[in-house]
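Student: Residue numbering for the sequence shown follows my numbering, starting at 106 and increasing by one per position.
We treat Cβ as the ideally placed atom computed from N, Cα and C, and that holds for glycine.
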Amino acid sequence: MVPEGWEEHLLDDSAKRRSGHTPNKKIPDYWNGGIKWVSLADSSALDDGYIRNTDKEISTEGLRNSSAVMLPAETVILSRDAGVGKSAILGEDMAVSQHFIAWTCDEQSKLNNWFLYNWLQMKKPLFERMAVGSTIKTIGLPFFKKLSIYVPPLAEQQKIADILSTWDQAIEKTEGLLSNARTQKRALMKQLLTGKRRFPAFEGQPWKEVRLGDVLDIEYGKSPKDIRVNDGTVPIIGTGGVTGHCHEGFAEGPAIVLGRKGTIDSPRWVEGSFWPIDTTYFCKTNEQNSLRWLFYRLSFMNLRAYNEASGVPSLSRETLRSIRISVPSLDEQRLISRAIGNEEVFEDICRREVAHLRTEKKALMQQLLTGKRRVVV
Numbered sequence: 106m107v108p109e110g111w112e113e114h115l116l117d118d119s120a121k122r123r124s125g126h127t128p129n130k131k132i133p134d135y136w137n138g139g140i141k142w143v144s145l146a147d148s149s150a151l152d153d154g155y156i157r158n159t160d161k162e163i164s165t166e167g168l169r170n171s172s173a174v175m176l177p178a179e180t181v182i183l184s185r186d187a188g189v190g191k192s193a194i195l196g197e198d199m200a201v202s203q204h205f206i207a208w209t210c211d212e213q214s215k216l217n218n219w220f221l222y223n224w225l226q227m228k229k230p231l232f233e234r235m236a237v238g239s240t241i242k243t244i245g246l247p248f249f250k251k252l253s254i255y256v257p258p259l260a261e262q263q264k265i266a267d268i269l270s271t272w273d274q275a276i277e278k279t280e281g282l283l284s285n286a287r288t289q290k291r292a293l294m295k296q297l298l299t300g301k302r303r304f305p306a307f308e309g310q311p312w313k314e315v316r317l318g319d320v321l322d323i324e325y326g327k328s329p330k331d332i333r334v335n336d337g338t339v340p341i342i343g344t345g346g347v348t349g350h351c352h353e354g355f356a357e358g359p360a361i362v363l364g365r366k367g368t369i370d371s372p373r374w375v376e377g378s379f380w381p382i383d384t385t386y387f388c389k390t391n392e393q394n395s396l397r398w399l400f401y402r403l404s405f406m407n408l409r410a411y412n413e414a415s416g417v418p419s420l421s422r423e424t425l426r427s428i429r430i431s432v433p434s435l436d437e438q439r440l441i442s443r444a445i446g447n448e449e450v451f452e453d454i455c456r457r458e459v460a461h462l463r464t465e466k467k468a469l470m471q472q473l474l475t476g477k478r479r480v481v482v
């Protein structure tokens with residue numbers, strides 16, 4: 106049902122739709138000519154409002170000798186291939202590859218570009234469902250010819266876009282706080298975990314060099330075959346995090362889970378009962394060392410440097426055990442862990458606030474962009 110005062114239009118009737126192209130990569134003169142060119146390499150820069158920089162540039166010759174076109178600033182773009190459904194607004198005149206659809210909302214348009222951008226963001230689940238393909242999923246061009254949109258009068262579109270922009274600003278500000286918190290924690294870890302910065306009570310006290318195998322019990326995980334259940338409460342932990350749940354654990358936390366194959370450089374801290382899968386190790390320590398300090402130390406290490414495979418990254422238990430590190434006294438370990446933990450508390454607060462703001466904005470988009478909740482113009 107169309108909301109009162111709104112109209113249903115084909116998107117093609119509300120904005121000018123175009124696509125892009127890739128100039129011949131074998132001709133150097135077509136490339137690096139100063140014209141920003143959005144491609145799949147820029148996927149991580151999408152879904153963040155304006156896109157202002159691109160991984161690659163093309164030249165005027167490349168533009169002239171291909172089907173690529175120069176799109177004006179404020180054009181809305183949507184990825185129809187890898188990263189299907191991601192969108193952005195051009196921060197300046199740019200070109201795009203054939204993997205993108207572009208809509209220009211000019212003065213003759215019935216559509217505000219920021220209203221369209223937010224509408225595309227809301228419709229991302231639809232685009233993901235419509236993508237087909239065995240290797241790289243894509244949305245065919247005919248789909249966009251039939252794509253329709255409900256739109257209110259331009260003044261109401263602008264008001265809705267302004268409201269959602271306020272939420273974007275709040276999210277951006279909080280993400281900035283989160284980024285700063287991560288940077289500050291990383292800097293503190295670098296100083297405290299290497300002994301470059303000491304607490305006054307421990308100045309002059311030497312650290313002891315040990316093998317990881319001397320301070321950590323490193324055990325193999327176990328295959329999760331036949332244990333996954335929908336109503337389980339015990340997490341199954343893989344190299345990338347929680348992969349499912351089961352009824353009974355294979356190990357008890359606190360413990361450190363390390364990747365044996367795959368992601369070998371992302372240690373995970375686990376509390377309570379859990380099931381580490383067979384591509385992981387789970388680690389505990391004795392009373393002479395702080396497990397939390399060892400977790401921070403492992404998190405700060407470049408474990409990929411110990412990779413033993415040319416294909417899927419792999420880390421043997423023997424190699425892990427042989428890695429040498431310097432450790433302070435137990436009391437200093439605990440004090441260092443407490444200091445880093447305090448930084449993590451603020452980082453976690455920022456992370457939760459970002460997630461909360463994103464959830465609230467998503468709910469508001471569903472209300473405003475469908476006319477279920479009206480705004481006063």
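State the beta-bridge partners of proline 490 as determined by DSSP.
Tutor: In the structure as shown, the chain begins at 106 and stops at 482. Residue 490 is therefore absent and cannot be evaluated.
Student: Count the other CB atoms, across all protein chains shown, that sit within 10 Å of the CB of methionine 175; report buried if there are 16 or more and exposed otherwise.
Tutor: Counting Cβ neighbours within 10 Å, methionine 175 comes out exposed, since fewer than 16 surround it.
Student: Taking the alpha carbon of phenylalanine 232 as the reference point, which residue from Gly245, Glu437 and Thr240 has its own alpha carbon closest?
Tutor: Cα-wise, what sits closest to phenylalanine 232 is Gly245.
Student: With a threshold of 16 other CB atoms inside 10 Å of the CB of aspartate 211, please say whether the residue is buried or exposed.
Tutor: Aspartate 211 comes out exposed.
Student: Got a sec? Which residues, its chain only, sit under 8 Å from glutamine 289 by beta carbon, not counting five neighbours each side?
Tutor: Counting only Cβ-Cβ distances below 8 Å, and skipping sequence neighbours, we find Glu448.
Student: Could you have a look at isoleucine 441 and say whether DSSP puts it in helix, strand or coil?
Tutor: In the structure shown, isoleucine 441 sits in a helix (DSSP, three-state: H, G or I).
Student: Helix, strand or coil for glycine 281 per DSSP?
Tutor: Glycine 281: helix per DSSP, three-state reduction.
Student: Measure from the alpha carbon of leucine 396 to the alpha carbon of each residue in Ile430, Ala360 and Arg426, then state which is nearest.
Tutor: When only C-alpha atoms are compared, the closest one is Ala360.
Student: Near leucine 293, what residues of its chain come up, given a Cβ to Cβ distance below 7 Å and the 5 sequence neighbours on each side ignored?
Tutor: If we look at leucine 293 and ignore the five residues flanking it on each side, its Cβ neighbours are Ala444, Ile445 and Glu448.
Student: Using 8 Å as the threshold, is the C-beta distance between proline 230 and glycine 476 below it?
Tutor: Taking 8 Å as the Cβ cut-off, proline 230 and glycine 476 do not qualify as a contacting pair.
Student: Considering only C-alpha positions, which residue in the set Arg122, Arg409, Phe387 and Ser442 is nearest to serine 253?
Tutor: It is Arg122 whose Cα lies nearest to the Cα of serine 253.
Student: Taking only three categories from DSSP, how would you classify histidine 126?
Tutor: Residue state, collapsed to three classes: coil.
Student: If I follow the unbroken beta strand (DSSP E) through tyrosine 255, where does it start and stop?
Tutor: Counting along the chain, the beta strand (DSSP E) containing tyrosine 255 begins and ends at 253-256.
Student: Can you give the beta carbon distance from leucine 462 to threonine 279, rounded, assuming they're within the 8 Å contact cut?
Tutor: Confirmed, Cβ separation roughly 6 Å.
Student: Drop a sphere of 10 angstroms on the beta-carbon of glycine 346, count the other beta-carbons inside from all chains shown, and report buried for 16 or more, exposed for fewer.
Tutor: Exposed.
Student: Which residues bound the alpha helix (DSSP H) around tyrosine 222?
Tutor: Element bounds for tyrosine 222: 218-227.
Student: Using 8 Å as the threshold, is the stretch 455-475 in touch with the stretch 351-366, meaning 3 or more CB pairs across them?
Tutor: Flag = no, the stretch 455-475 and the stretch 351-366 do not touch.
Student: Given this structure, state the Cα-to-Cα distance separating proline 171 from leucine 216, to the nearest angstrom.
Tutor: Residue identity check: residue 171 is serine in the sequence provided, not proline. C-alpha separation (whole angstroms): 29 Å.
Student: Applying the 10 Å Cβ sphere with the 16-neighbour rule, what's the burial state of alanine 460?
Tutor: Alanine 460 comes out exposed.
Student: May I ask you to list the residues that DSSP assigns as paired with glutamate 357?
Tutor: In DSSP, glutamate 357 forms a bridge with Ser378.
Student: Alpha carbon to alpha carbon, how far is asparagine 394 from isoleucine 454? Give it in angstroms, no decimals.
Tutor: Taking the straight line joining both Cα atoms gives about 28 Å.
Student: Could you tell me the distance, in whole angstroms, from the CA atom of lysine 313 to the CA atom of histidine 204?
Tutor: Their backbone Cα atoms lie some 56 Å apart in a straight line.
Student: Aspartate 117 and glutamate 166: beta carbons closer than 8 Å?
Tutor: The answer is no: Cβ separation not under 8 Å.
Student: Less than 8 Å separating the beta-carbons of isoleucine 430 and arginine 402?
Tutor: Result yes, Cβ atoms of isoleucine 430 and arginine 402 sit closer than 8 Å.
Student: With a threshold of 7 Å on Cβ separation, who are the neighbours of leucine 195 within its own chain once the five nearest residues in sequence on each side are excluded?
Tutor: Hits under 7 Å: Ile156, Leu176, Ala178, Glu179, Thr180 and Ile182.
Student: Provide the residue(s) that pair with tryptophan 136 in DSSP beta bridges, ordered along the chain.
Tutor: DSSP lists Ile163 as partners of tryptophan 136.
Student: If you draw a straight line from the C-alpha of arginine 456 to the C-alpha of leucine 168, how long is it?
Tutor: Roughly 42 Å separates the two Cα atoms.
Student: Taking leucine 262 as the reference, give the member of His126, Trp208, Leu221 and Thr348 with the closest Cα.
Tutor: In the sequence under discussion, the amino acid at residue 262 is glutamine, which differs from the leucine named in the question. Ranking the options by Cα distance to glutamine 262, first place goes to Leu221.
Student: Does DSSP put arginine 291 in a helix, a strand or coil?
Tutor: Helix.
Student: DSSP puts serine 184 in a beta bridge; with which residues?
Tutor: Serine 184 pairs with Phe205.
Student: On the premise that leucine 298 lies in contact with phenylalanine 405, defined as a C-beta separation below 8 Å, what is that separation, rounded to the nearest angstrom?
Tutor: About 5 Å separates the two Cβ atoms, so the contact holds.
Student: Give the straight-line distance between the Cα atoms of glutamate 392 and glutamate 413, rounded to the nearest whole angstrom.
Tutor: Taking the straight line from one Cα to the other gives about 31 Å.
Student: Please list the terminal residues of the continuous alpha helix (DSSP H) segment that includes arginine 97.
Tutor: This structure cannot settle anything about residue 97, because the visible part of the chain is limited to 106 through 482.
Student: Could you please give me the residues that DSSP links to tryptophan 272 through a beta bridge?
Tutor: None, per the DSSP bridge assignment.
Student: On a Cα-Cα basis, can you pick out the residue from Phe249, Pro305 and Tyr325 that is closest to arginine 365?
Tutor: Selected option, being the one with the closest Cα: Tyr325.
Student: Closest to lysine 161 by C-alpha separation, out of Lys130, Gly358 and Thr384, would be which residue?
Tutor: Measuring from the Cα of lysine 161, the nearest candidate turns out to be Lys130.
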